[in-house]
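Quick note on the numbering used here: the sequence shown kicks off at 949 and runs consecutively.
Here's the structure, in structure tokens; my notes come after.
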Amino acid sequence: MKGLSKESRKTRLHCSAIQMNHFSENDSERQGSSGRKLGYLYKTMIETSSSANYIQNTSKIYKLILIRIQAFANQLKLFLNSFVRA
């Protein structure tokens, strides 16, 4: 700001202060909406996580059931084959 009169420097500083205030107001508005977006994102992540846990637990249950069914099917197959060979 060299070469400017004292009045010009004051005006320029005042304009800079107004711009900074304007940007900070916009930032706070932006943070409010982004805060809501982050809240929604967090809620969605929790719902997704619980859904993933449900799917994982359900698949474990089905896998255990299939193992039991497969074991029963193998025993039944051996039993039926014993009649065919005889």
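Heads up, the beta-carbon is just placed ideally off N, CA and C, and yes, glycines get one too.
Express the C-alpha separation of ILE1013 and ASN1029 in angstroms, rounding to a whole number.
When rounded, the distance between both Cα atoms is 24 Å.
If you drop the 5 nearest sequence neighbours on each side, which residues of the same chain put their C-beta closer than 6 Å to that of LYS991?
none
Give me the Cα-Cα distance between LEU986 and MET993, rounded to the nearest whole angstrom.
10 Å
Skipping 5 residues on each side, what residues in its chain have a beta carbon closer than 6 Å to that of LYS1040?
This structure cannot speak to residue 1040, because the chain is shown only from 949 to 1034.
Can you determine whether any heavy atom of the ligand FAD sits closer than 7 Å to the C-beta of ASN1001, and answer yes or no?
As for the ligand FAD, it is missing from this structure, which has no ligand bound.
When the Cα atoms are used, what is the spatial distance from ASN1022 to LYS1008?
If you take the alpha carbons of ASN1022 and LYS1008, they lie about 21 Å apart.
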